[in-house]
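So the protein lines, in turn, are chains B, S, C and V.
For the first sequence, the working numbering assigns the number 3 to the initial residue and increments by one for each residue that follows.
For the second sequence, the working numbering assigns the number 3 to the initial residue and increments by one for each residue that follows.
For the third sequence, the working numbering assigns the number 3 to the initial residue and increments by one for each residue that follows.
For the fourth sequence, the working numbering assigns the number 3 to the initial residue and increments by one for each residue that follows.
Notes to accompany the following structure.
There are 4 protein chains.
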Amino acid sequence: MSKQEQIQATALRLFVANGFHGTPTAKIAAEAGVANGTLFYHYKTKDELVAAVYNKIKDEQACNVQAIINRDDFITTKFRNVFVHSVNWALKNRDKFYYIQQFNFSPHLAQLSPEKLELHIVGYAEFIAEGIRKKLLRQQPVNLIISMFNGHVYGIYQYITAANFDSAEEEKIINDGYEMLWDMLKYM
Amino acid sequence: MSKQEQIQATALRLFVANGFHGTPTAKIAAEAGVANGTLFYHYKTKDELVAAVYNKIKDEQACNVQAIINRDDFITTKFRNVFVHSVNWALKNRDKFYYIQQFNFSPHLAQLSPEKLELHIVGYAEFIAEGIRKKLLRQQPVNLIISMFNGHVYGIYQYITAANFDSAEEEKIINDGYEMLWDMLKYM
Amino acid sequence: MSKQEQIQATALRLFVANGFHGTPTAKIAAEAGVANGTLFYHYKTKDELVAAVYNKIKDEQACNVQAIINRDDFITTKFRNVFVHSVNWALKNRDKFYYIQQFNFSPHLAQLSPEKLELHIVGYAEFIAEGIRKKLLRQQPVNLIISMFNGHVYGIYQYITAANFDSAEEEKIINDGYEMLWDMLKYM
Amino acid sequence: MSKQEQIQATALRLFVANGFHGTPTAKIAAEAGVANGTLFYHYKTKDELVAAVYNKIKDEQACNVQAIINRDDFITTKFRNVFVHSVNWALKNRDKFYYIQQFNFSPHLAQLSPEKLELHIVGYAEFIAEGIRKKLLRQQPVNLIISMFNGHVYGIYQYITAANFDSAEEEKIINDGYEMLWDMLKYM
DNA sequence: TATGAATGAGGTTTCATTCAT
DNA sequence: AATGAATGAAACCTCATTCAT
Chain B
3 MSKQEQIQAT ALRLFVANGF HGTPTAKIAA EAGVANGTLF YHYKTKDELV
53 AAVYNKIKDE QACNVQAIIN RDDFITTKFR NVFVHSVNWA LKNRDKFYYI
103 QQFNFSPHLA QLSPEKLELH IVGYAEFIAE GIRKKLLRQQ PVNLIISMFN
153 GHVYGIYQYI TAANFDSAEE EKIINDGYEM LWDMLKYM
Chain S
3 MSKQEQIQAT ALRLFVANGF HGTPTAKIAA EAGVANGTLF YHYKTKDELV
53 AAVYNKIKDE QACNVQAIIN RDDFITTKFR NVFVHSVNWA LKNRDKFYYI
103 QQFNFSPHLA QLSPEKLELH IVGYAEFIAE GIRKKLLRQQ PVNLIISMFN
153 GHVYGIYQYI TAANFDSAEE EKIINDGYEM LWDMLKYM
Chain C
3 MSKQEQIQAT ALRLFVANGF HGTPTAKIAA EAGVANGTLF YHYKTKDELV
53 AAVYNKIKDE QACNVQAIIN RDDFITTKFR NVFVHSVNWA LKNRDKFYYI
103 QQFNFSPHLA QLSPEKLELH IVGYAEFIAE GIRKKLLRQQ PVNLIISMFN
153 GHVYGIYQYI TAANFDSAEE EKIINDGYEM LWDMLKYM
Chain V
3 MSKQEQIQAT ALRLFVANGF HGTPTAKIAA EAGVANGTLF YHYKTKDELV
53 AAVYNKIKDE QACNVQAIIN RDDFITTKFR NVFVHSVNWA LKNRDKFYYI
103 QQFNFSPHLA QLSPEKLELH IVGYAEFIAE GIRKKLLRQQ PVNLIISMFN
153 GHVYGIYQYI TAANFDSAEE EKIINDGYEM LWDMLKYM
C-alpha cells in the first residue's frame with residue numbers, strides 16, 4: 003500500500019468518524035504513518051484530499067454498477083441486480099456510503115466540476131432509458147426514475163442500519179424492498 | 003425579540019447560508035447586534051448553538067406535519083397531504099432542509115439525546131401504524147414504511163432541485179411522485 | 003451565616019482548591035448561593051475579595067496568638083504555648099494556612115499596605131523582645147527570632163502534612179520540634 | 003540556541019518577572035522571536051511550559067547542591083556548605099526562588115509526577131542519613147531533619163529579603179543563622 | 001441589598017500550509 | 001519523494017466587571 007493510498011484510507015476513516023472539520027491534516031498524516039508535509043506533497047490542499055477520496059469511492063461504485071449493467075441479462079434482471087447490489091455495497095461499505103452523503107451535503111460538492119459529476123450516472127442512464135423505451139418502466143423522465151431509485155436505496159439503507167438485523171432478515175428486507183421499488187417503477 | 007432569540011435567528015440564517023464551520027461565532031454575534039460574550043452566556047458552546055438551531059428546525063417541521071395529521075381527514079388523504087406538504091416544505095425551505103442533512107451527516111447528530119430524536123417521528127408513526135392495521139398500507143414494519151416514505155421525499159427533492167422547473171411542472175412532478183409512492187406502499 | 007460570610011468561606015475553599023486564577027468569581031458566587039452581581043456589591047473587585055479573605059485569616063490567627071500571649075504565664079511558657087498552638091492551628095486549618103502561603107507568594111501581597119502587615123506581628127514582637135532583654139532568648143534581632151520561629155512552624159507543618167501520622171505521633175513530633183526550636187533560640 | 007531553548011529561556015525570564023498568570027503566551031513567543039504557534043508546537047499547553055520551567059530551576063538547584071555534597075568534605079562541613087549555599091543561591095536568584103514558591107503553592111504542583119518530585123531531594127537524604135547514623139546529627143527521622151533544614155533556609159531568606167542589608171551584614175546573618183541551625187540539629 | 005443579563009478585551013489553542021533540508 | 005519544524009491568522013471561549021431593575 004503506497005503512502006498515497008495510506009493517506010486516503012486513513013482520511014476516509016477519520017473523516018467518517020469525526021467529520022471533515024473535526025479531522026486535522028496532522029492527525030491524518032500521523033495515523034497514516036507519514037510526515038505532515040508528505041500529505042501536502044501529494045495533495046495541494048486539504049480540500050483536494052477530500053475530493054480525491056470522494057472521487058475514488060464514486061469511481062469504485064460506478065465500476066461495480068457498470069460491471070452488472072454490462073452483463074448480458076434481460077433488462078428487468080439488470081434492474082433488480084443493480085438495486086440489490088447497490089444496497090449490499092452500501093451495507094458492506096458503510097463508511098464509504100456515509101462519506102458520500104457527508105460530502106454531498108457540504109460546500110465541497112459545489113466545487114466539483116459538473117462534468118465529473120455527470121460521469122457517475124452515465125452508465126445508469128442508458129439502460130434505464132432503454133427500460134422506459136421498451137415499456138418495462140414507467141413513462142417518466144430518466145432522471146426522475148434514477149432519483150426515485152436512489153431515494154429507495156437510501157431509505158432501505160437507513161432502515162437496516164438503524165436496527166440490528168441478522169443476515170437472513172437483511173436479505174428478506176432487501177427482497178421486500180425490491181418488490182416495493184418494482185411496484186413503484188414498473189410499467190402498468 | 004430577546005437577545006437570545008436574536009442570536010438563534012441570526013445563527014440559523016448564517017448556518018444555512020455558510021454551514022456551521024463557515025460561520026464564526028464572532029460573526030453571529032456581530033450580525034445579531036450583541037457582544038461576543040453574550041452568545042456564550044446563552045449557549046455554553048458553539049456546538050450547543052448548532053444543536054439548538056437544529057432542534058428548532060426539526061420542531062418547526064414536526065409541528066407542521068402534526069397539524070396535517072391532526073386534521074380530521076381520512077387516512078389515505080392524510081398520507082397524501084403529509085407527503086405533498088413534506089416535499090413542498092423542503093422546496094420552500096431549501097436552506098433549512100440542507101442544514102438538516104448537513105447536521106445528520108456530522109458528528110453533531112451523535113451528541114443529541116436519543117429521546118429528543120424519537121420525538122420527531124412520534125406523530126408519523128401512529129397514523130402509519132393505523133394505516134397498516136386497517137389494511138390500507140402494505141403489511142410491513144412501520145419503520146420500514148417511514149424509511150421508504152422519507153427516501154421518496156428525498157428522491158423527489160433531489161430531482162426537482164437538480165433542475166429548474168417552473169411551479170406548474172413542480173406540481174405535476176409532486177403529483178406523479180405521490181402516485182408512485184402510493185403504488186409502492188398501498189395494500190394490495 | 004450572612005451572604006458576605008458565605009462568599010468569603012466559599013472563596014477560601016475554591017481558592018485553595020484551584021488557585022486564585024483558577025477560580026472565577028462566577029463560580030464563587032454560584033457555589034455560595036448568591037448572584038454574580040452580589041459578590042461585586044460586597045467587594046469592589048476580585049482582588050479586594052482575595053485580600054479580605056487574607057486579612058480575616060490573619061486577624062483570626064493574631065487574635066488566637068494574642069490570647070495566649072495575654073495569659074499570665076512565664077515567658078518561656080508563653081513561648082512554648084505560642085509554638086504549640088501555632089502548629090496545631092495550622093494543622094487544624096490547613097486550608098487557611100495554605101491560603102496564607104499562596105497569598106504571600108503572589109502579587110497580591112505587594113498590594114497590601116505595610117502598616118496592615120505590621121499589625122499582624124505586633125503582639126509577637128513585644129514578648130519576644132522581652133525574652134531577649136531578660137536573657138532567656140538569644141541575643142539576636144527580634145525579627146530574626148520571629149523569622150526563625152515561623153520557619154520552624156512551617157517546617158514542622160510540612161513534615162506532618164507530607165505523611166499520615168496519628169494524633170499521638172503528631173503530638174510527639176510537635177514536642178520534639180519544640181525542643182529543637184528551643185535549643186536553637188534559648189540563651190546560652 | 004534552538005527555538006525551543008529560546009522559548010524556555012524567555013518563559014523563565016517572564017514568568018519569574020510577572021508570574022505565570024501575568025505572562026501571556028503571546029508575549030513569550032514575541033520576546034523569544036518566534037511565532038505564536040511555535041510555542042505550542044514545542045509545548046502542548048501553557049501548563050506544560052510552566053512545569054518545564056519549574057523543572058529546569060529545580061534541576062539547576064539540585065545540581066548545585068549535589069556538587070557540594072559530592073565534594074570530599076567531612077559531613078559537618080558538607081552540612082554547613084549546603085546551608086550557606088542554599089541561602090546564597092536563594093538570595094542571588096530571588097526571582098527563581100520566588101517562582102518555585104509560587105509554583106509550590108499552586109495547583110500546578112499536584113500535576114507533577116511524584117517520582118519527578120522525589121528526585122529533587124534524593125541527594126540530600128543520603129548524606130543527612132549518614133550524619134544521623136554517625137551521631138553527628140540528632141536522632142530523628144531524616145525527613146524531619148530535612149524539613150527543619152528547609153524551614154530554616156526559608157526563615158533566613160524571609161528575614162534578609164524583608165530588610166535591606168549590605169553584604170557584610172548578610173554574611174553575618176547567614177553565619178549566625180547557621181549556628182542556630184546547628185544548635186538545633188547537632189547530636190548532643 | 002440583591003440580581004443576572006450583558007459586555008468585550010484578552011487569553012489559549014488549533015491548524016492548514018510552507019519551506020529548507 | 002519525503003520530512004517536520006515553523007508559521008500566523010483566526011477560532012473558540014473565559015471572565016472580571018457593569019448596570020438597569
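Ideal Cβ positions, reconstructed from N, Cα and C, are used throughout, including at glycine.
Fair warning: this is a prediction, and the values are worked out from it, not measured in the lab.
| Query | Result |
| --- | --- |
| Beta-carbon neighbours of B/Pro-26, restricted to chain S and to distances below 8 Å | Per Cβ cutoff of 8 Å: no residues; B/Pro-26 is ~13 Å from chain S at best. |
| Minimum C-alpha distance to B/Tyr-92 - residue among B/Tyr-161, B/Asp-74, B/Glu-132, B/Gln-6 | The residue you asked about is not Tyr; residue 92 of chain B is Ala in the sequence shown. Of B/Tyr-161, B/Asp-74, B/Glu-132, B/Gln-6, the residue nearest in Cα terms is B/Tyr-161. |
| Distance between V/Thr-78 and V/Pro-143 (C-alpha atoms, nearest Å) | 18 Å |
| Per DSSP, cross-strand counterpart(s) of V/Leu-139 | V/Lys-188 |
| Partners in chain B for S/Gly-21, counting only beta-carbon separations shorter than 8 Å | Ser-108, Pro-109 |
| Beta-carbon gap between V/Val-155 and C/Gly-179 smaller than 9 Å | no |
| DSSP three-state assignment for S/Leu-51, whether helix, strand or coil | helix |
| Run of the alpha helix (DSSP H) containing C/Asn-166, from where it starts to where it stops | From DSSP, C/Asn-166 is part of no alpha helix (DSSP H); its letter is neither H nor E. |
| V/Asp-185 and C/Met-190 closer than 9 Å at C-beta | yes |
| Segment contact, 8 Å Cβ cut-off, at least three pairs: the region 81 to 100 of chain S with the region 35 to 44 of chain S | no |
| Near the ligand ATP: B/Arg-82 beta-carbon under 8 Å from a heavy atom | The ligand ATP is absent from the structure shown, which contains no ligands of any kind. |
| Inter-stretch contact at 8 Å, needing at least 3 Cβ pairs: the region 49 to 59 of chain S / the region 5 to 25 of chain S | yes |
| Burial state of C/Tyr-261, where buried means 16 or more other Cβ atoms lie within 10 Å | Outside the modelled stretch of chain C, which goes from 3 to 190, sits residue 261 of chain C, for which no answer is possible. |
| Through-space distance from V/Gln-104 to V/Asp-97, alpha-carbon basis | 10 Å |
| Pair within 9 Å by beta-carbon distance, V/Phe-107 and C/Phe-81 | no |
| Test item: CB-CB of S/Ile-158 and S/Ile-175 under 9 Å | yes |
| Chain S contact residues for B/Gln-103, given Cβ-Cβ distances below 7 Å | Phe-107 |
| Delimiting residues of the alpha helix (DSSP H) encompassing B/Ile-77 | 77 to 94 |
| Environment of C/Phe-17 [buried if 16+ CB atoms lie within 10 Å] | buried |
| With 16 other Cβ atoms within 10 Å as the buried cut-off, status of B/Gly-182 | Here the sequence assigns Met to residue 182 of chain B, which means Gly is not the residue at that position. Under this definition B/Met-182 is a buried residue. |
| Collapsed DSSP secondary structure at B/His-23 in the structure displayed | coil |
| Option in V/Glu-117, V/Ala-69, V/Phe-22 with minimal Cα separation from V/Ser-88 | V/Ala-69 |
| S/Ile-123 - DSSP class collapsed to helix/strand/coil | coil |
| The region 38 to 63 of chain C: positions lying closer than 7 Å to chain V by Cβ | none |
| Short CB-CB distance (under 9 Å) between B/Tyr-189 and chain S | no |
| Neighbouring residues, chain B, relative to S/Gln-113 (Cβ below 7 Å) | Within chain B, no residue comes near S/Gln-113; the closest Cβ sits about 12 Å away, beyond 7 Å. |
| Min CB distance B/Ser-149 to chain S below 9 Å | yes |
| Cβ of V/His-122 within 9 Å of any chain C Cβ | no |
| Spatially closest choice to V/Asn-72 from V/Glu-50, V/Glu-128, V/Thr-27, V/Asn-20, by CA coordinates | V/Glu-128 |
| Which of helix, strand or coil DSSP assigns to V/Gly-157 | helix |
| Own chain partners of B/Ala-64 with C-beta closer than 6 Å, once the 5 adjacent residues on each side are dropped | His-122 |
| Candidates V/Lys-5, V/Ala-112, V/Asp-75, V/Thr-163, of which the one nearest V/Lys-53 by Cα | Here residue 53 of chain V is Ala; the residue named in the question, Lys, does not match the sequence. Among V/Lys-5, V/Ala-112, V/Asp-75, V/Thr-163, the Cα nearest to that of V/Ala-53 belongs to V/Ala-112. |
| C-beta atoms of B/Thr-27 and B/Lys-5 nearer than 9 Å | no |
| C-beta atoms of B/Leu-14 and B/Tyr-101 nearer than 9 Å | yes |
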